[in-house]
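Under this note's numbering, the first residue of the sequence shown is numbered 161, with each subsequent residue one higher. Quick reminder that beta carbons are idealized off the backbone N, C-alpha and C, glycines included.
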Amino acid sequence: AQPKVPKWRCQIFFAIETFEVLVRIFVGGYFLFFGFNGFFHWLAIPPSHPKMAKFVAALEETKFILPVVKSIEIFSGVLLLIGIWIPFAIALLAPVIFVIVSSQLILNYRLGFSPAFFCGVPYSILVVLHSEKFAFLFR
161 AQPKVPKWRC QIFFAIETFE VLVRIFVGGY FLFFGFNGFF HWLAIPPSHP
211 KMAKFVAALE ETKFILPVVK SIEIFSGVLL LIGIWIPFAI ALLAPVIFVI
261 VSSQLILNYR LGFSPAFFCG VPYSILVVLH SEKFAFLFR
């Protein structure tokens, strides 16, 4: 016979699972909204540091990079919201998160803490919660 699992362990597991779903929905919704915002411009981008403005203008000028990045954001957001291929969605978002966080902190250092925080921290929590799926990369 299997030993009985203590009730507190089940409660902790349920709390972690619920937390993961909430973080996943937040990250998925964030990237789905801002991915579509890149195409439809519902929300105006606030003024930023001149270096950051030049960087964004250069990305827009290519007419290729931003649509690809925004499409990746939309696709990954949908996967996270639906709850399928979660490790794949996390891996797809890794370079996007890196560019968002690093460009905000380096090029937009006076105003960039908020965007870096609101997408970097929840994404990092998702990575930690799904770290067993990526463990093979570090063996």
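- A Cβ-Cβ contact shorter than 9 Å links residue 252 with residue 232.
- Pairing residue 289 with residue 206, the inter-Cα distance amounts to about 32 Å.
- The region 235-246 and the region 176-193 touch, with no fewer than 3 CB-CB distances between them shorter than 8 Å.
- A buried status is given to residue 282, since no fewer than 16 other beta-carbon atoms sit within 10 Å of its beta-carbon.
- Judged by beta-carbon spacing, residue 196 lies within the 9 Å limit of residue 234, meaning their Cβ atoms are closer than that value.
- Short of 6 Å from the beta carbon of residue 293, and not among the five residues preceding or following it, lie these beta carbons of its own chain, in chain order: 247.
- In terms of Cα proximity to residue 284, the closest of 228, 270, 162, 184 is 184.
- Proximity to residue 229 across 267, 177, 214, 199 peaks at 199, based on C-alpha coordinates.
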